[in-house]
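Going by the numbering used here, the first residue of the sequence shown is number 71, and it counts up by one from there. C-beta: ideal position from N, C-alpha, C; glycine also. Small disclaimer: the values here were computed from a predicted structure and weren't measured. Since the structure comes first, as structure tokens, the remarks are kept for the end.
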Amino acid sequence: MPVPNGKQTVVNTPSSRLNDLGIVLPAPPMPLGAYVETSDTGNLLFLSGILPVVNGKLPITGRLGENLSVKEGQEAARIASLNALAAAKQHLGSLDRLKKLVKVTVLIATTEQFAEHAAVANGASDLFVQIFGPQLGHVRLAYGVQSLPIGTPVIVDVLFEIKQRVNRPSYKKTSKIKRNRK
Numbered sequence: 071m072p073v074p075n076g077k078q079t080v081v082n083t084p085s086s087r088l089n090d091l092g093i094v095l096p097a098p099p100m101p102l103g104a105y106v107e108t109s110d111t112g113n114l115l116f117l118s119g120i121l122p123v124v125n126g127k128l129p130i131t132g133r134l135g136e137n138l139s140v141k142e143g144q145e146a147a148r149i150a151s152l153n154a155l156a157a158a159k160q161h162l163g164s165l166d167r168l169k170k171l172v173k174v175t176v177l178i179a180t181t182e183q184f185a186e187h188a189a190v191a192n193g194a195s196d197l198f199v200q201i202f203g204p205q206l207g208h209v210r211l212a213y214g215v216q217s218l219p220i221g222t223p224v225i226v227d228v229l230f231e232i233k234q235r236v237n238r239p240s241y242k243k244t245s246k247i248k249r250n251r252k
């Protein structure tokens, strides 16, 4: 889109940022029970707790502080966040309907002694900042739990603000030419 000085402005959409970063989203995750992965109301899109699955399997299992490093926890949080984006894209039809990341909650399977929750959660936050930019920001909660379903080390829970669909009125084609009937 041209601006007064003749230069092009670049509109960074989530889709274009993923493309610029060379990131291809995985297939959307499947629910593990009787629920749906995504639900929207008004201008909000809620995602169920998303696991770091790849091709239907957990590539990283265990607990932080026991058999997993912070780096492995960050990678699990990043994978779960990519899955969250894939679920959002499936629900909305396009990631470009995402207006803003509002909140991220990261549940982390840890030992009692583990205290680097924020560092693990950065695996999710850093990815989202790359896609949505630092200026929009997001709130975050990260906490440790004793165990998580199927041995996953993290679950990422996400809330997005979405752009509403534009409902365009449909117009019927009418002819302004009147035909003479004889």
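Compute the Euclidean distance between the alpha carbons of aspartate 90 and leucine 177, then round it to the nearest angstrom. For the purposes of this step, residue 90 is taken as residue 20 along the sequence shown, with counting starting at 1. For the purposes of this step, residue 177 is taken as residue 107 along the sequence shown, with counting starting at 1. Those two C-alpha atoms are separated by around 29 Å.
Which residues in the same chain as alanine 189 place their Cβ atom closer than 6 Å to its Cβ, once the five residues preceding and following it in sequence are excluded? Reading the sequence shown from its first residue, position 119 is the one you call residue 189. Excluding sequence neighbours, alanine 189 sits near Val140.
Terminal residues of the alpha helix (DSSP H) in which aspartate 90 lies: Position 20 of the sequence shown holds residue 90. Taken as a continuous stretch (DSSP letters only), the alpha helix (DSSP H) holding aspartate 90 covers 84 to 91.
At what residues does the beta strand (DSSP E) containing glycine 214 begin and finish? As a first step, residue 214 must be located in the sequence shown, where it is residue number 144. Per DSSP, glycine 214 belongs to the beta strand (DSSP E) from 209 to 215.
8 Å Cβ cutoff met for isoleucine 130 and alanine 146: Here residue 130 is taken as the residue at index 60 of the sequence shown, counted from 1. Here residue 146 is taken as the residue at index 76 of the sequence shown, counted from 1. Closer than 8 Å, so yes.
Could you check the C-alpha separation between histidine 161 and aspartate 110 for me, to the nearest Å? Here residue 161 corresponds to residue number 91 of the sequence shown, with the count starting at 1. Here residue 110 corresponds to residue number 40 of the sequence shown, with the count starting at 1. Approximately 9 Å between the Cα atoms of the pair.
Let me check understanding here. Comparing Cα to Cα, which of Arg167, Val226 and Thr180 lies closest to serine 217? Taking the sequence shown and counting its residues from 1, one reaches residue 217 at position 147. When each option's Cα is compared against that of serine 217, the closest is Thr180.
Beta-carbon within less than 8 Å of lysine 243's beta-carbon, same chain only, minus the 5 sequence neighbours each way: which residues are those? Working through the sequence shown from its first residue, we reach residue 243 at position 173. Low local confidence applies: a pLDDT of 49 at lysine 243 is under 50, so the model's placement there is unreliable, and no value is given.
Local conformation of threonine 79 per DSSP, three classes: Here the question's residue 79 lines up with position 9 in the sequence shown. Because the pLDDT at threonine 79 is just 45, under 50, the model does not fix this residue reliably, and the point stays unresolved.
Return helix, strand or coil for lysine 233, following the three-state DSSP convention. Along the sequence shown, one-based indexing puts residue 233 at 163. Here lysine 233 sits in coil by DSSP.
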